[in-house]
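Undergrad:
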Amino acid sequence: MAATSSCIVNLGVKGNGNPEQPFSSSKSSQLLLSSNVSFADNNTKYCLSLHSHQTLLSACLTKTKKSAFVVASAKPEHLKIMISGAPASGKGTQCELITKKYGLVHIAAGDLLRAEIASGSENGKQAKEYMEKGQLVPNEIVVMMVKDRLLQPDSQENGWLLDGYPRSLSQATALKEFGFRPDLFIVLEVNEEILVERVVGRRLDPVTGKIYHLKYSPPETEEIAARLTQRFDDTEEKVKLRLQTHRQNVEAVLSMYEDITLKVNGNLRKEDVFAQIDDALTKLFEDRKLNSGSLAA
Ligand code: AP5
């Protein structure tokens, strides 16, 4: 096994009893990468992850009676993506497709706020007042909420996909000051008459969190159809207020990410919108892999 740069090796042991439980039976230790990894016998499966400067490389070693196999895969570490667009431009829909393929952690400011409302907290009560008027929730509530979520171990480990944030120059500036800079800023461009139709037809599945549309993405079964809910701000009247807020802030936010912006035609079918995003992400992944050296097994 060889690597082009010095690496840290985290070695954990997977017992046979519970293969779904990673690194449960021993605390990870940190060693400098060595080309010879020794391990105990007993038909035990060993998993390790190698962290180099830019890349998380994971490998599994399975010891059998006669030989040891090494299966290695490389994925670029910490891919950081932001997705922006007017209300109902399809951000959430595209995030479902992106996370399914690329495994990033989806962080949606609107979802965090709705969870806060559902919790009954004081912040949630205040947030709802602004959301009902189609206005931005004050930074005192939203900025730390998003920052804390970005700092959670899963976002740090798998990379993140930030949806609907930042929405103002002050939010973008705060993110920059906290050191969060995306690799790509995706903007979904959709005509306004389409946005209104998408808002009023949108429905959500409270069980799976999946986004539906009565016309464009109808529920698969009658059971799902019966339990669908509608967001309190998904009316024609409220979307007009949300659009107004969006128009007031969008240029300032775009100006912060001009050099890494990907404008996507969001008027198309969701699969065709995703194809444009997928092309860009694939290229980003390939570039990362080329830049991050290789692992030879
Ligand atoms: P938030 O929840 O973020 O709402 P939004 O930005 O208005 O966006 P939506 O969630 O409505 O739409 P989407 O773009 O995700 O579209 P979707 O994929 O669901 O924010 C709500 C409120 O919270 C804000 O108004 C504000 O008050 C507050 N807030 C949020 N972030 C904040 C922040 N950073 N700072 C301060 N306050 C904040 O698609 C919509 C529908 O269209 C669905 O039915 C879907 O099935 C359908 N659809 C999607 N794509 C297609 C397609 N290609 N073709 C046909 N149909 C499609």
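Each number in my numbering corresponds to the 1-based position in the sequence shown with 124 added. Glycine is no exception: its CB is placed at the ideal position from the N, C-alpha and C atoms.
Express the C-alpha separation of F409 and Q400 in angstroms, rounding to a whole number.
TA: Straight-line Cα distance between these residues: approximately 15 angstroms.
Undergrad: Please find out if some non-hydrogen atom of the ligand AP5 comes closer than 7 angstroms to the beta-carbon of H337.
TA: Yes, the ligand AP5 has a heavy atom inside 7 angstroms of this Cβ.
Undergrad: Between the C-alpha atoms of P306 and K204, what's the straight-line distance to the nearest angstrom?
TA: So the two alpha carbons sit approximately 5 angstroms from each other.
Undergrad: Provide the residue span of the alpha helix (DSSP H) that contains G222, from first to last.
TA: Looking at the sequence shown, residue 222 is not Gly but Ile. Here the alpha helix (DSSP H) through I222 covers K215 to Y226.
Undergrad: Along the chain, where does the alpha helix (DSSP H) containing H370 start, and where does it finish?
TA: Segment E360 to M380, the alpha helix (DSSP H) holding H370.
Undergrad: Check whether the Cβ of P330 lies closer than 7 angstroms to any heavy atom of the ligand NAP, and answer yes or no.
TA: You won't find the ligand NAP in this model; what it holds is the ligand AP5.
Undergrad: So, helix, strand or coil for K257, using DSSP?
TA: Here K257 sits in coil by DSSP.
Undergrad: Helix or strand or just coil, what does DSSP make of A239?
TA: Of the three classes helix, strand and coil, the one that applies to A239 here is helix, per DSSP.
Undergrad: Measuring CB atoms only, is the segment 332-348 touching the segment 306-320, in the sense that at least three cross pairs come out at less than 8 angstroms?
TA: Touching, no, given that fewer than three Cβ pairs across the two stretches are closer than 8 angstroms.
Undergrad: Can you grab the Cα-Cα spacing for the pair K416 / F302, in whole Å?
TA: A quick correction: the sequence has Ser, not Lys, at residue 416. Looking at the two C-alpha atoms, the distance is approximately 25 angstroms.
Undergrad: For A210 and L328, what's the separation of their Cα atoms in angstroms?
TA: One C-alpha to the other measures close to 19 angstroms.
Undergrad: Just to confirm, does V482 get its C-beta within under 7 angstroms of one of the non-hydrogen atoms of the ligand AP5?
TA: In the structure as shown, the chain starts at 125 and stops at 421, and residue 482 therefore has no counterpart that could be examined.
Undergrad: Might you give, ordered along the chain, the residues of its own chain that have their beta carbon closer than 7 angstroms to the beta carbon of L352, omitting 5 neighbours on each side?
TA: Cβ neighbours of L352 beyond the five flanking positions: R327, L328, D329, Y336 and P343.
Undergrad: Please list the terminal residues of the continuous alpha helix (DSSP H) segment that includes D278.
TA: Counting along the chain, the alpha helix (DSSP H) containing D278 begins and ends at P277 to N282.
Undergrad: How would you write the range of the beta strand (DSSP E) that N263 sits in, first residue to last?
TA: No beta strand (DSSP E) contains N263, which is instead part of the alpha helix (DSSP H) from N263 to L274.
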